[in-house]
Amino acid sequence: MNTRRTRIYEGKAKILYEGPEPGTLIVHYKDDTTAFNAQKMEVIDGKGVLNNRISELIFTRLNEMSIPTHFIRRMNMREQLIREVEIIPVEVVIRNVAAGSLAKRLGLEEGTALPRSIVEFYYKNDALNDPMVSEEHITAFGWANPQELDDIMALSIRINDFLCGLFLGIGIKLVDFKIEFGRLYEGEMMRVVLADEISPDSCRLWDLKTNEKLDKDRFRRDMGGVVEAYQEVARRLGIIMDSETPERSKPKLVKTD
Ligand code: UDP
954 MNTRRTRIYE GKAKILYEGP EPGTLIVHYK DDTTAFNAQK MEVIDGKGVL NNRISELIFT
1014 RLNEMSIPTH FIRRMNMREQ LIREVEIIPV EVVIRNVAAG SLAKRLGLEE GTALPRSIVE
1074 FYYKNDALND PMVSEEHITA FGWANPQELD DIMALSIRIN DFLCGLFLGI GIKLVDFKIE
1134 FGRLYEGEMM RVVLADEISP DSCRLWDLKT NEKLDKDRFR RDMGGVVEAY QEVARRLGII
1194 MDSETPERSK PKLVKTD
């Protein structure tokens, strides 16, 4: 890692550096793993490498299908070049199956298929524990305007459809996931684009046959085998070969298409 780079922001799982050109940033995926608003914290060796690769694959596919994202290209094992955006302070959660906070709040059994996909919004604010909010709150407080919110809804539904198909094809059920959006300024123009990451840190992924958890719930629930689960997702996506491990000392992740 080049330590002379200007660090712009350090989050729980990622660091942002100034990019090589104006309007670009470099995002560095750490092995730090947190849950419950960072009350639970651990370093999981190799997790950042896997999330970098998994998120790269998904964002590349989304770009190819004209879903605008901040992603430009992966630079190395832990870093990506991205476009600088103004993050909209709303976390969008899309759910297909009841789990986590929804199951708890509404007394649903985990694993119950939802009558249709459900989109929820949470205000990005650690001090308040990311409270759930409605579209009314978002527009009233000016976090996003109605047009931006329409774009966010339409993009979220397309992303969910694409991801459900992608994961179904590799024997994985997409239970739910969280995404974030940002404003990309291009001269006079502004577009809402997908930002942040999509990885097993931000999705619930269950094996289709066994319902085995292949995501961050393994960490949240102290189930162990976190990196092995992320590796399994990467292996099924064709990112790593059967025999490979994401050890930092032996970077030999190869397959490109
Ligand atoms: N999620 C996330 N970051 C958060 C909160 C949730 O990535 O700060 C993801 C989480 O991994 C799951 C989905 O959003 O895939 C829905 O999470 P939920 O509301 O059930 O909350 P949790 O049970 O994770 O607290």
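Heads up: the sequence shown begins at 954 in our numbering, then just goes up one per residue.
Even for Gly, the Cβ is constructed at its ideal location relative to N, Cα and C.
Small disclaimer: the values here were computed from a predicted structure and weren't measured.
Whole-angstrom distance between residue j and residue i, CA atom to CA atom
i: Gly1124; j: Gly1140; result: 43 Å
i: Ile1105; j: Ile1041; result: 10 Å
i: Tyr982; j: Asn1004; result: 7 Å
i: Leu1008; j: Ala1148; result: Correcting the residue type first, residue 1008 is Ser in the shown sequence and not Leu. Taking the straight line joining both Cα atoms gives about 11 Å.
i: Arg1031; j: Leu1158; result: 22 Å
i: Arg1189; j: Asn1113; result: 19 Å
i: Pro1084; j: Phe989; result: 13 Å
i: Ile1192; j: Arg1069; result: 31 Å
i: Lys1152; j: Leu1108; result: Residue identity check: residue 1152 is Ser in the sequence provided, not Lys. Cα-Cα distance, rounded: 18 Å.
i: Val897; j: Thr1092; result: What the structure shows of the chain is the stretch from 954 to 1210, and residue 897 is not part of that stretch, so it cannot be assessed.
i: Pro973; j: Phe1120; result: 34 Å
i: Val1179; j: Asp1160; result: 14 Å
i: Val1086; j: Lys1169; result: 24 Å
i: Leu1081; j: Thr987; result: 17 Å
i: Ile968; j: Arg1058; result: 33 Å
i: Lys993; j: Met1194; result: 31 Å
i: Asn1098; j: Met1143; result: 13 Å
i: Glu1150; j: Cys1156; result: 10 Å
Exposed unless 16 or more other CB atoms sit within 10 angstroms - verdict on residue i
i: Glu1133; result: buried
i: Ile1110; result: exposed
i: Arg960; result: exposed
i: Ala1052; result: buried
i: Ser1054; result: exposed
i: Tyr1183; result: buried
i: Gln1100; result: exposed
i: Asp998; result: exposed
i: Ala1066; result: exposed
i: Lys1000; result: buried
i: Arg1006; result: buried
Contact check, residue i vs residue j, beta carbons under 8 Å
i: Val1002; j: Asp985; result: no
i: Ile979; j: Met1028; result: yes
i: Ala966; j: Asp1154; result: yes
i: Leu1102; j: His1023; result: no
i: Val1045; j: Lys1131; result: yes
i: Val1043; j: Lys1077; result: yes
i: Arg1036; j: Ile1020; result: no
i: Val1050; j: Lys1166; result: no
i: Arg1048; j: Ile1071; result: yes
i: Gly1135; j: Glu1039; result: yes
i: Phe894; j: Glu1088; result: Only positions 954 to 1210 of the chain appear in the structure, and residue 894 is not among them; the question remains open.
i: Asn1164; j: Gly1064; result: yes
i: Glu971; j: Arg957; result: no
Cβ separation of residue i and residue j, assumed to be a contact under 8 Å, to the nearest whole Å
i: Leu1015; j: Phe1172; result: Contact doesn't hold; Cβ gap of about 26 Å is too wide.
i: Glu1061; j: Thr977; result: Contrary to the premise, residue 1061 reads as Leu rather than Glu in this sequence. In fact, because the Cβ distance is near 43 Å, the residues do not count as touching under 8 Å.
Below-8 Å beta-carbon distance, residue i vs any chain B residue
i: Val1179; result: No chain B is part of this structure, which consists of one protein chain only.
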